[in-house]
Amino acid sequence: MTQEVYDAIITYWRTYSVPPTTRWLAKTLHRSESVIFYHQRKLGQMGLLVRVGYKWVPAEIKKYLALFQSQNTQKGVLSHDKRN
Numbered sequence: 237m238t239q240e241v242y243d244a245i246i247t248y249w250r251t252y253s254v255p256p257t258t259r260w261l262a263k264t265l266h267r268s269e270s271v272i273f274y275h276q277r278k279l280g281q282m283g284l285l286v287r288v289g290y291k292w293v294p295a296e297i298k299k300y301l302a303l304f305q306s307q308n309t310q311k312g313v314l315s316h317d318k319r320n
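Using this note's numbering, the letters of the sequence shown correspond one by one to residues 237 to 320.
Listed below in structure tokens is the structure:
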């Protein structure tokens with residue numbers, strides 16, 4: 237079941253570029269939200285998911301986004317910087 241949750245999160249992320257909600261995962265995998273949350277925490281303990289706000293994000297994607305963000309910061313480009 238843990239692998240199914242991880243696969244669903246990765247598939248959703250690749251499709252929509254955002255992490256799925258626990259409710260969506262529960263509905264898709266036909267499990268309760270508490271069961272899904274249990275497996276998300278388990279994946280977090282394994283280092284495969286990290287918590288960002290209220291959502292679980294694949295660790296590999298968070299590392300990639302952090303790398304991208306640090307490269308932009310080094311170049312002096314910030315996401316909220318509207319100067320041309």
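All C-beta atoms in this analysis are idealised placements derived from N, C-alpha and C, irrespective of residue type, glycine included. These numbers come from a predicted model, not from an experiment.
- Checking the DSSP bridge columns, you'll see Trp292 partnered with Arg287.
- Using a Cβ distance threshold of 8 Å, Tyr248 and Leu279 do not count as a contacting pair.
- Taken atom to atom, the span from the alpha-carbon of Lys298 to that of Val286 is near 8 Å.
- Contact between Ile245 and Trp292 holds, with the beta-carbon distance rounding to 7 Å and staying under 8 Å.
- Following the DSSP letters along the chain, one finds Arg267 in no alpha helix (DSSP H), marked with neither H nor E.
- If you draw a straight line from the Cα of Ile272 to the Cα of Tyr252, it is about 20 Å long.
- Just measuring C-alpha positions, the residue of Pro294, Ala302 and Met237 sitting nearest Thr264 is Met237.
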